[in-house]
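Enquirer: Per UniProt numbering, the sequence shown starts with residue 1, numbered consecutively.
All C-beta atoms, glycine included, are put in the ideal place defined by N, C-alpha and C.
What you are looking at is a predicted structure, and each value in this text was computed from that prediction instead of being measured.
Below is the structure I would like to discuss, written out as structure tokens.
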Amino acid sequence: MTNALLEDLTWRGLIYQQTDAEGLQELLDSEKISLYCGVDPTADSMHIGHIVPLLTLRRFQLHGHRPILLVGGATGMVGDPSGRSEERVLQTTEQIDKNVSGIKTQMERIFDFNTENGAKMVNNHDWIGPMSVIEFLRDFGKLININYMLGKDSIASRLDSGLSFTEFAYTLIQGIDFNHLFNTYNCKVQVGGSDQWGNITTGLEMIRKTHEEETKAFGITIPLVTKADGTKFGKSASGSVWLDAKKTSPYEFYQFWINTADADVIKYMKIFTFLDRSEIEAFQETIENEPHLRKGQIALAEEMTRLIHGQEALEQAVRISQALFSGNLKELTAGEMKEAFKDVPSVEMSKEEKSIVDFIVEAGVSPSKRQAREDVTNGAISVNGEKITDVAYVVGESDRLEDEFMIIRRGKKNYKMIQFV
């Protein structure tokens, strides 16, 4: 069973570095383990770049192991220098508490907390917060040599540009976390992104120096997710793709995955979904033989939207996508229409009744009254999905959705949102 797990992780491209591959194999063959991954609450939501290590922990859980999910209430106050060229802006305690709450809710969607090997969520502020400076320096600072720390890429890369003692000490605090979880929960493995190698090995060094020589703990890092065209993964045209539906709606989230390039679909299926090998290989064939059907992109978008937002939100995202593709907006509720068109050009107008010709000229949909009349008579103008062909049509209260907005389409693809004031 465990051999199958490591083989599956390797096939999915999820193992970048291991501190002791042979030792980890022996451990997993001999027992069910506890392992952990940490997330610092730098925002009140995770984005899709955060979840690869967490999904990897979920794969361990599905094979009978117990995931420990560490939310960094303490480390979030300090700031991890890994992968950064400048100092982080420190956040208030209130903001961090709010962020911790948001991240916990998202983790609860990914993991099972109620089985025999149910996930456990911990906050490192519970053991780091009460620690005195003297205790920190005497009990832990003495364990790690300065030269050892200067050898870490995350520290060495910042020495020329400047690194505060606060961020310099971050790797010690994360090392304390691993040591604490090892002592408290017999947690023997830490999983992290490729930028976490230095922090993981600091934890292993602490465990080594505070336990018997034969004590074993392990670290695994996961490669950075990249796109085939070399651009940064995890960004849409409007910015980061968040797990919070208020920051990135389920429809936008669905569209992000639908728009995956053919060259990336199988790679992302392996990394992000729980589809098995035979299913993914079947999609590989369809991408090679029927790429125009985009079956891989659809499956990827469905799997990810269902996982993060649930079945109902997935169905709504599919409904919006199909309505936009067909142009049949009448199938959408007012709320779905507002969601679908929130990024299209918009204009504010008064609620005064106007003829359709005057209305679309004032809205900037048609450039002139002559063109507007042609557009209407030719069937090129739709109001909220209803085609208008009568130049005498009067736009009024019944056309306002929620008495607030209206969607006008000219031709097949040119949409504009009218916001009434």
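1. Please report the straight-line C-alpha distance between residue 267 and residue 56, rounded to a whole angstrom.
2. For residue 325 and residue 332, I'd like the C-alpha separation in whole angstroms.
3. Would the stretch 277 to 288 and the stretch 309 to 328 be scored as touching if the rule is three or more Cβ pairs under 8 Å?
4. Which residues in the same chain have their Cβ closer than 6 Å to the Cβ of residue 8, if we skip the five residues on either side of it in sequence?
5. Identify every residue that forms a DSSP beta bridge with residue 354.
6. I'd like to know whether the C-beta atoms of residue 38 and residue 5 end up nearer to each other than 8 Å.
7. Just to confirm, are residue 106 and residue 46 a CB contact at a threshold of 8 Å?
8. What does residue 406 pair with, by DSSP beta-bridge criteria?
9. Any idea which residues DSSP pairs residue 69 with across the strands?
10. At what residues does the beta strand (DSSP E) containing residue 346 begin and finish?
11. Counting only the same chain and skipping the five closest in sequence on each side, list residues whose C-beta sits under 8 Å from that of residue 420.
12. Here's a check: name, in chain order, each residue in its chain whose Cβ is nearer than 8 Å to the Cβ of residue 367, leaving out the five neighbours to either side.
13. Could you give the DSSP three-state label for residue 6: helix, strand or coil?
14. Run through the DSSP bridge pairs and tell me what residue 242 is partnered with.
15. Quick one: what's residue 283 bridged to in DSSP?
16. Based on DSSP bridge pairs, tell me the residues matched to residue 218.
17. Evaluate residue 413 with the Cβ neighbour count: other Cβ atoms within 10 Å of its Cβ, from every protein chain shown; 16 or more gives buried, anything less gives exposed.
18. Just verifying my parser: in three-state terms, what is the DSSP assignment at residue 1?
19. In angstroms, rounded to a whole number, what distance separates the CA positions of residue 142 and residue 204?
20. With a threshold of 8 Å, are at least 3 pairs of Cβ atoms found where one atom belongs to the stretch 148 to 165 and the other to the stretch 188 to 201?
21. Nearest by alpha-carbon distance to residue 382: which of 246, 409 and 338 is it?
22. Need the endpoints of the alpha helix (DSSP H) that residue 265 sits in, please.
23. Given this structure, state the Cα-to-Cα distance separating residue 67 from residue 397, to the nearest angstrom.
24. Over what stretch of residues does the alpha helix (DSSP H) that includes residue 154 continue unbroken?
25. Can you give the Cα-Cα distance for residue 194 and residue 365, rounded to whole angstroms?
26. In the DSSP output, what is residue 381 paired with across the bridge?
27. Just the C-alpha distance for residue 262 and residue 269, rounded to the nearest angstrom, thanks.
28. From the DSSP output, in three-state form, read off residue 401 for me.
29. Looking at C-alpha atoms only, which residue of 213, 44 and 311 is the closest neighbour of residue 244?
Expert: Concretely, from the data shown:
1. Here the question's residue 267 lines up with position 267 in the sequence shown. Here the question's residue 56 lines up with position 56 in the sequence shown. Straight through space, the alpha carbons of residue 56 and residue 267 are spaced by roughly 15 Å.
2. Position 325 of the sequence shown holds residue 325. Position 332 of the sequence shown holds residue 332. Cα to Cα, residue 325 sits roughly 12 Å from residue 332.
3. With a cut-off of 8 Å, the stretch 309 to 328 and the stretch 277 to 288 do not count as touching, because too few Cβ pairs lie within range.
4. Residue mapping note: residue 8 aligns to position 8 of the sequence shown, counting from 1. Close CB contacts of residue 8 within its chain, under the 6 Å cut and outside five residues either way in sequence, are absent.
5. The residue you call residue 354 lines up with position 354 of the sequence shown. Answer is 395.
6. In the sequence shown, the residue the question calls residue 38 occupies position 38. In the sequence shown, the residue the question calls residue 5 occupies position 5. No. Outside cutoff.
7. Position 106 of the sequence shown, counting from 1, holds the residue named residue 106. Position 46 of the sequence shown, counting from 1, holds the residue named residue 46. Yes.
8. Residue mapping note: residue 406 aligns to position 406 of the sequence shown, counting from 1. DSSP, once it has assigned bridges, lists 418 as partnering residue 406.
9. The residue labelled residue 69 in the question sits at position 69 within the sequence shown. Assignment of beta-bridge partners to residue 69 by DSSP yields 37 and 121.
10. Along the sequence shown, one-based indexing puts residue 346 at 346. Its beta strand (DSSP E) spans residues 346 to 349.
11. Mapped onto the sequence shown, residue 420 falls at position 420. Closer than 8 Å at the Cβ level, and outside the excluded window around residue 420, lie 348, 349, 350, 351, 400, 403, 404, 405 and 406.
12. The count along the sequence shown starts at 1 and reaches residue 367 at position 367. These residues qualify, in order along the chain: 361.
13. Reading the sequence shown from its first residue, position 6 is the one you call residue 6. Residue state for residue 6 is assigned as helix, using DSSP reduced to three classes.
14. By 1-based counting over the sequence shown, the position of residue 242 is 242. Answer is 47, bridged to residue 242.
15. Here residue 283 is taken as the residue at index 283 of the sequence shown, counted from 1. Paired residues: none, contrary to the question.
16. Taking the sequence shown and counting its residues from 1, one reaches residue 218 at position 218. In DSSP, residue 218 forms a bridge with 189.
17. Here residue 413 corresponds to residue number 413 of the sequence shown, with the count starting at 1. Flag for residue 413 reads exposed.
18. Indexing the sequence shown from 1 puts residue 1 at position 1. With a pLDDT of 46 at residue 1, under the threshold of 50, the predicted position of this residue should be treated as unreliable, though the coordinate-derived value follows. If DSSP states are grouped into helix, strand and coil, residue 1 belongs with coil.
19. If you number the sequence shown from 1, residue 142 lands on position 142. If you number the sequence shown from 1, residue 204 lands on position 204. Put simply, the backbone Cα of residue 142 is about 15 Å away from that of residue 204.
20. By the Cβ test, the stretch 148 to 165 is in contact with the stretch 188 to 201, since at least three Cβ pairs between them sit closer than 8 Å.
21. The count along the sequence shown starts at 1 and reaches residue 382 at position 382. In terms of CA proximity to residue 382, 409 leads the group 246, 409 and 338.
22. By 1-based counting over the sequence shown, the position of residue 265 is 265. It spans 262 to 272 - the alpha helix (DSSP H) in which residue 265 sits, taken as one unbroken run.
23. Position 67 of the sequence shown, counted from the first residue, corresponds to residue 67. Position 397 of the sequence shown, counted from the first residue, corresponds to residue 397. When rounded, the distance between both Cα atoms is 55 Å.
24. Locating residue 154 in the sequence shown gives position 154, where the first residue counts as 1. From DSSP, the alpha helix (DSSP H) with residue 154 extends over 153 to 156.
25. Stepping through the sequence shown from its first residue, residue 194 is reached at position 194. Stepping through the sequence shown from its first residue, residue 365 is reached at position 365. Computed Cα separation, rounded: 50 Å.
26. Counting from 1 along the sequence shown, the entry for residue 381 is found at position 381. Note: residue 381 sits in a beta bridge opposite 410.
27. Locating residue 262 in the sequence shown gives position 262, counting from the first residue. Locating residue 269 in the sequence shown gives position 269, counting from the first residue. Spanning the two alpha carbons is a distance of roughly 11 Å.
28. Counting from 1 along the sequence shown, the entry for residue 401 is found at position 401. Residue state, collapsed to three classes: strand.
29. For this step, residue 244 is matched to residue 244 along the sequence shown. If we check each option's Cα against that of residue 244, 44 comes out closest.
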